[in-house]
Ligand SMILES: NC(=O)c1ccc[n+]([C@@H]2O[C@H](COP(=O)([O-])OP(=O)(O)OC[C@H]3O[C@@H](n4cnc5c(N)ncnc54)[C@H](OP(=O)(O)O)[C@@H]3O)[C@@H](O)[C@H]2O)c1
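In this note's numbering, the protein residues as written are 4 to 273.
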């Protein structure tokens, strides 16, 4: 007998940051299980490309242009998604990233880290990345009494990685807020979990990991040396965790958890 444990047919999944490398792969994974997927982001080009990729694999998706840092924009996107698809059952918060001026190059002075760069990283990863979408879309889920929210945190939120100090601290706050919301909404039918990727080459970190000729940078090589699986992750390797947490049958008693996919990076100390 075929199991429907991971079946998402009839459900609407919203992926904020579905225009990006990891969010896009998550959107495709959800569509592959039958969900109608709303791909949300600012980049229409990349959004429409991902919609085409979903459609060519036999899935259903539409792009909604929105800025996660604006409550008004999030509310407009939510309303447009409901009027197009009828419901919102799953929310993946995949908007986020680091910025170079909020990192500490070797030998630099933490005391000189610019405050505006620090604030921008917190705004993107914590406010636009989780807080506003959870308020706006979470309200709808609570009204309906069911839903699954998946916040994309980072392995850097569990271990304060060198250099990326603002990003690590912001992602630590994402994991903390995930647990807070899990408790807050546990009896309201809404589960809230996090997925923490390790190192996955994407637009925002490619220069950090690779030289122009495709060899590892010094930092890239150090990361590989510290990763028991001795490689970076592939975006499709996050699909299982996302589909499992999205599927109300498969993960019905799971909330407040942080699922780590990092090739073993966080499990070793040397
Ligand atoms: N790659 C990794 O190794 C790694 C590791 C751990 C965690 N992560 C996390 O995974 C998530 C996805 O990152 P990625 O690596 O796939 O990077 P990415 O390709 O740069 O994707 C980031 C996405 O965030 C969206 N975004 C940024 N600002 C936005 C805003 N104001 N409103 C709406 N969307 C916004 C961008 O969409 P638009 O430009 O279209 O707005 C983009 O699609 C991030 O939270 C990142 O921190 C990544």
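We put the CB at the ideal spot given by N, CA and C, even for glycine.
Query raised in the report: Less than 8 Å separating the beta-carbons of residue 320 and residue 150?
Result: As displayed, the chain neither begins before 4 nor continues past 273, which places residue 320 out of reach and without an answer.
Query raised in the report: Less than 7 Å between the CB of residue 157 and some heavy atom of ligand 1, yes or no?
Result: Yes, the Cβ of residue 157 comes within 7 Å of a heavy atom of ligand 1.
**Report entry** Selected residue, minimal CA-CA separation from residue 272, among 223, 85 and 228
**Finding:** Answer by Cα proximity: 228.
Query raised in the report: Taking C-alpha atoms, which residue in 70, 74, 44 and 37 lies nearest to residue 57?
Result: Selection 70, 74, 44 and 37 evaluated against residue 57 yields 37 as nearest (Cα-Cα).
Query - N- and C-terminal bounds of the beta strand (DSSP E) containing residue 94 - result: Residues 93-96.
Requested in this report: Indicate whether the contact test is met: 3 or more Cβ pairs, each with one atom in the region 207-217 and one in the region 179-195, closer than 8 Å.
Outcome: Judged by Cβ distances under 8 Å, the region 207-217 makes no contact with the region 179-195, as fewer than three pairs qualify.
**Report entry** Strand pairing of residue 200, partner residues [DSSP]
**Finding:** In the DSSP output, where bridge partners are listed per residue, residue 200 has 264.
Query raised in the report: Across which residues does DSSP place residue 63 in a beta bridge pair?
Result: According to DSSP, residue 63 shares a beta bridge with 39.
Requested in this report: With hydrogens ignored, establish whether the beta-carbon of residue 128 is closer than 7 Å to any heavy atom of ligand 1.
Outcome: For residue 128, the shortest separation between its Cβ and any heavy atom of ligand 1 lies below 7 Å.
**Report entry** Supposed contact pair residue 201 and residue 177 - C-beta distance, whole angstroms, cut 8 Å
**Finding:** Going by Cβ atoms, the distance from residue 177 to residue 201 rounds to 15 Å, so no, they are not a contact pair.
Report task. Provide the residue(s) that pair with residue 73 in DSSP beta bridges, ordered along the chain. Result -> None; residue 73 has no bridge partner.
Query raised in the report: Between the Cα of residue 158 and the Cα atoms of 44, 262 and 17, which residue gives the shortest distance?
Result: Nearest of 44, 262 and 17 to residue 158, Cα basis: 262.
Query raised in the report: Could you check where the beta strand (DSSP E) with residue 132 kicks off and where it finishes?
Result: Per DSSP, residue 132 lies in no beta strand (DSSP E) segment and is marked neither H nor E.
Query raised in the report: When DSSP labels each residue in this structure, what does residue 150 get in the three-state scheme?
Result: In the three-state scheme derived from DSSP, where H, G and I count as helix and E and B as strand, residue 150 is classed as strand.
Query raised in the report: Where are the beta strand (DSSP E) runs, 3 residues long or more, that stay fully inside the region 150-191, in chain order?
Result: Counting whole runs of 3 or more residues, the region 150-191 contains the beta strand (DSSP E) stretches 150-155.
Query - Alpha-carbon spacing of residue 207 relative to residue 99, whole angstroms - result: Using only the alpha carbons, I get a separation of about 9 Å.
Query raised in the report: Going along the chain, which residues of its own chain have a beta-carbon closer than 7 Å to the beta-carbon of residue 298, five neighbours each way excluded?
Result: Residue 298 is absent from the model: the chain starts at 4 and stops at 273.
Query raised in the report: Got a sec, what are the start and stop residues for the alpha helix (DSSP H) residue 249 sits in?
Result: Unbroken alpha helix (DSSP H) run through residue 249: 242-249.
Requested in this report: Ignore the nearest five residues each way along the sequence and tell me which others in residue 121's own chain have a CB closer than 7 Å to its CB.
Outcome: Sequence-distant partners of residue 121 (beyond 5 residues in either direction) whose C-beta falls short of 7 Å from its own C-beta, in its chain, are 105 and 169.
Query raised in the report: If we count the other Cβ atoms within 10 Å of its Cβ and call it buried at 16 or more, is residue 194 buried or exposed?
Result: The residue is buried, with at least 16 neighbouring Cβ atoms inside 10 Å.
**Report entry** DSSP state of residue 110 mapped onto helix, strand, coil
**Finding:** Coil, per DSSP.
Query raised in the report: Would the region 116-135 and the region 68-80 be scored as touching if the rule is three or more Cβ pairs under 8 Å?
Result: Between the region 116-135 and the region 68-80 there are three or more inter-stretch CB-CB distances shorter than 8 Å, so the stretches are counted as touching.
**Report entry** Under the three-state DSSP convention, the category residue 15 falls into
**Finding:** Strand at residue 15.
Query - Coarse secondary structure for residue 193, derived from DSSP in three states - result: Reduced to three states, the DSSP call for residue 193 is strand.
**Report entry** Delimiting residues of the alpha helix (DSSP H) encompassing residue 221
**Finding:** Taken as a continuous stretch (DSSP letters only), the alpha helix (DSSP H) holding residue 221 covers 221-229.
Requested in this report: Identify, in the order they occur along the chain, each residue of the same chain with its Cβ nearer than 6 Å to the Cβ of residue 1, setting aside the five sequence neighbours on each side.
Outcome: With the chain running from 4 to 273 in the structure shown, residue 1 is simply not present.
Query raised in the report: Ordered along the chain, which non-local residues of its own chain (more than five positions away) have a Cβ less than 7 Å from that of residue 35?
Result: Taken in chain order, the residues that qualify are 60 and 62.
Requested in this report: Below 8 Å on the Cβ atoms is my guess for residue 250 versus residue 67; work out the distance and round it to an integer in Å.
Outcome: Actually they are not in contact, since the Cβ atoms of residue 250 and residue 67 sit about 23 Å apart, beyond 8 Å.
Report task. Leaving out five residues on either side along the sequence, give the residues of the same chain with a beta carbon under 6 Å from the beta carbon of residue 322. Result -> Any property of residue 322 remains undetermined from this structure, which presents the chain solely from 4 to 273.
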